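Data block below; observations after.
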């Protein structure tokens, strides 16, 4: 547990002022004009990210439906499984991506590529569960997702907005699992629009009257019940207080990108996913621990090449801009960025031009927060015959590595509600991925 | 000199008179609706002959004896009996997905000398809302909530078919057999959708493994799918072969133009862990093979084995499911993981035996559970010095406080906002609007998915939705034509009556003296109709945002 890392230390210190000034200056220089009006507000949490300290936040970019490794980060253009894709060089010598990923290729010096991810789940729902929790589905309990683990294990971020956020969630958003629903991701959709339901429908005075009446009613319900029922069970009043804080918080602005100039939105592609990535950067600045952004549409059982290329275009601008902006803002060293699907796709091209599910040997990008940049782990058979990749990285190993970089003792066992102790992650750290 | 009135002014007076008469009639009807039971809707008939009712109560006594023994061993003092209105609220939530309407509360308060819970069950069993809701809950167990394969899957038809069967109180073993051994087309034989939902791509037909998992979980309370890939671990004695031999009963099931059928030429094949070749798997049940009929098709034999009276897992599974539905918490957790050989918690064996002895009569099972002391006890302690503890809830010494499901929340908001009952007699447009509102709310509040019973607490998005969302705002704002809050404010003869009516409509109880005074005082400060309407809106908002509204108790 990273108890020594206080996200608020130095809030009034000289270091604080310097870093804030730096951030604002950086914003002006680098064209991040959206930061300037919000600089004081959003930069608070960013001030404590010091070199050499463990990472303190995570961005997860899910390529829902499962991106094809062969048509993105692990092309084999000269073999019969390659599908005739064209490739481009990347910032890592000897590593090529498919065309369409030019911007991503240009930031690969800050990113490492795993070409040997292995999952044991080939069904979307089960695989998403696996990739988000590091465990396979178990009917007897629900495991917490990585974001929930981060929020549970790291010292509480003293902010007024939720610390675990899911942007554009699919039907399987990140859950708190056995840590409780308070660790579920706060779900929101296209950040072009305001966060729904955060505006009170009556004026303050009337709201105060309502809340005063509510306390009268709650006192009656509490009679004859355990005094700590709200804290240990219903979380009703607690979540209401947090919702009230959120409603009146200026940090809400971090969710909404409608004030960002068109040119800067365009850099992210000005798509829902691009805007989600931009909002993710702002939320991390504001002190949010974990943001997941989902880009669906990769499940190309038919017309694989057209479908993948469409999604690649959306991903490329958003991903590269996110990495660039995190770096410019000095947040990349404290923020882990993971990008990939729930599994990969088959080397074999089916009779409707599609690729089907394949949990063996798919690709993921990892960056920031102590991950090395410019490295490649593992490789796949160019002919697609050999099922297992070289240097396999199992899903649970990725989880262990992420938690390790966050300063979390991933092997620590916690007691689950079914009375079974369980490690936060059962994987092994991939040392080769660490900076 | 008076001139004769022109025809236009006569017409105007006539129109005014009609409008005035309409308003008077509306006001009178509104007051009646608010304060009196609906004429012609009240029957004190319990719906069961006395001998049968006595038999139900006797069965409940056996269950009570089990629990009383447990409480004595734990030296636990159980909670006192809950009041009738609380029982009615629990039943409406469990069986219709919504709280009772003010109209229904007035009706039940007018009946005398009846066992209110049993009387209310009689009303609900005759109500299509209950069979529709129960069918939806069970269909979630059988096939989940996804839309399933295009063209050959009609989830809605399956729900309607099941609702019809439940309305007729078709024995549950017959329902289970119809699902497992269904044949025909998914539109004209809706039970077939239990199979077609598992259809695989590339003409592979139904997924035998999914069907084996569904059958074992839904009807036998066994999570055998855990051994799909390897033999059981962590103390499980199931083998991989057990699961796939069960799946093999669906190996001949296939589709053709005439619908679902069994093709004897087909067989289920599987490559076991550590083997290099697929083998044809012969069908066999995982326990009590002696109960397997000798004759019949594979699915017919499996269906009869599953539902055999001697195969008690079937009865226990239904008991656990119905208990969970009524309490929002199963007797055994997870709801579909019941040990074959026990140990069983208090109540389980008595209820399962009674279910078997009465030919899987689902309505009787519900009646027996509802008649137990456990169902009828309060969720609160009468002794403030000894409040209800988590241990008491776990031992069923107090009715457990559990979070309402999203559709129960939505249904309750909509029902509380109407003075009359929203049921099959409600205008079709209003029912469509209700369904759309519920769908939207559930999406935002967070669908619980398949019928799970987790103890999750409230979340920030849920609180935001309740505080500021459209549904609460629209249903509690000043609207004299539709919204109960405004209408109660207009029609109640005094503030105390208005507060009481709001409490009954939202909480299904009367306010305490403190609550009554608090809200009556707020209403008294209203200077005009608009501010009174706002005060009523505030009262409704407050009650709907309280823990008591979001949690079953």
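Residue numbers (this note's numbering), protein chains in the order written: chain A, 1 to 435; chain B, 436 to 988. Just so you know, even glycine gets a beta-carbon here, dropped at the ideal spot from N, CA and C. Model, not experiment: these values are computed from the prediction.
9 angstroms Cβ cut-off: residues of chain B touching residue i
i: residue 200/A; result: 902, 903
i: residue 234/A; result: 836, 838, 892, 893, 982, 985, 986
i: residue 246/A; result: 895, 899
Residue i burial status per 10 Å Cβ neighbour count (16 or more: buried)
i: residue 960/B; result: exposed
i: residue 403/A; result: buried
i: residue 352/A; result: exposed
i: residue 841/B; result: buried
i: residue 277/A; result: buried
i: residue 82/A; result: buried
i: residue 970/B; result: buried
i: residue 49/A; result: Interpretation of residue 49/A is limited by its pLDDT of 46, a score under 50 that renders its predicted location unreliable; no figure is taken from the coordinates.
i: residue 962/B; result: exposed
i: residue 94/A; result: exposed
i: residue 399/A; result: buried
i: residue 485/B; result: exposed
i: residue 290/A; result: buried
i: residue 630/B; result: buried
Span of the beta strand (DSSP E) around residue i
i: residue 117/A; result: 111 to 118
i: residue 440/A; result: Lying before the first or after the last residue shown, residue 440/A is absent from chain A, which here runs from 1 to 435.
i: residue 361/A; result: 360 to 367
i: residue 164/A; result: 164 to 167
i: residue 188/A; result: 186 to 188
i: residue 347/A; result: Run containing residue 347/A: none; DSSP gives neither H nor E here.
i: residue 403/B; result: Outside the modelled stretch of chain B, which goes from 436 to 988, sits residue 403/B, for which no answer is possible.
i: residue 295/A; result: 290 to 295
i: residue 690/B; result: 688 to 691
Collapsed DSSP secondary structure at residue i in the structure displayed
i: residue 906/B; result: helix
i: residue 56/A; result: coil
i: residue 781/B; result: coil
i: residue 339/A; result: strand
i: residue 722/B; result: coil
i: residue 987/B; result: strand
i: residue 152/A; result: helix
i: residue 301/A; result: coil
i: residue 437/A; result: The question about residue 437/A has no answer here: the residues shown for chain A are numbered 1 through 435.
i: residue 277/A; result: helix
i: residue 640/B; result: strand
i: residue 421/A; result: strand
i: residue 896/B; result: helix
i: residue 429/A; result: coil
i: residue 212/A; result: helix
Partners in chain B for residue i, counting only beta-carbon separations shorter than 8 angstroms
i: residue 239/A; result: 892, 893, 894, 895, 897, 898
i: residue 182/A; result: 892, 894
i: residue 227/A; result: 822
i: residue 126/A; result: By Cβ distance, chain B contributes nothing, its closest Cβ being about 11 angstroms from residue 126/A, past 8 angstroms.
8 angstroms Cβ cut-off: residues of chain A touching residue i
i: residue 651/B; result: Simply none; closest approach about 11 angstroms.
i: residue 712/B; result: The contacting residues do not exist; residue 712/B stays about 17 angstroms from chain A at best.
i: residue 852/B; result: Correct list: empty, because the minimum Cβ distance to chain A is about 15 angstroms.
Proximal chain B residues relative to residue i, where beta-carbon distance stays under 7 angstroms
i: residue 214/A; result: 977, 980, 981
i: residue 162/A; result: 895
i: residue 210/A; result: 973, 976, 977
i: residue 224/A; result: 815, 816, 817, 819, 822, 823
i: residue 243/A; result: 895, 898, 899, 902
Span of the alpha helix (DSSP H), counted from its first residue to its last, around residue i
i: residue 851/B; result: 841 to 851
i: residue 924/B; result: 919 to 926
i: residue 238/A; result: 236 to 247
i: residue 98/A; result: Run containing residue 98/A: none in the alpha helix (DSSP H); it sits in the beta strand (DSSP E), 96 to 98.
Neighbouring residues, chain A, relative to residue i (Cβ below 7 angstroms)
i: residue 950/B; result: 216, 217, 220
i: residue 947/B; result: 220
i: residue 502/B; result: Correct list: empty, because the minimum Cβ distance to chain A is about 20 angstroms.
Note down, one range per segment and in chain order, each alpha helix (DSSP H) of at least 4 residues found wholly within the segment 791 to 836 of chain B. For the segment 791 to 836 of chain B, whole alpha helix (DSSP H) runs of length 4 or above, ordered along the chain, are 797 to 806, 808 to 811, 825 to 829.
Restricting to runs no shorter than 4 residues, where is the alpha helix (DSSP H) found entirely within the segment 517 to 541 of chain B? Every unbroken stretch of the alpha helix (DSSP H) spanning 4 or more residues and falling wholly within the segment 517 to 541 of chain B is given here in chain order: 519 to 531.
If contact means a Cβ-Cβ distance below 8 angstroms, which residues of the segment 816 to 836 of chain B contact chain D? Although the question refers to chain D, the structure presented lacks it and instead comprises the protein chains A and B.
Could you tell me which whole beta strand (DSSP E) segments of length 3 or greater appear in the segment 565 to 610 of chain B? none
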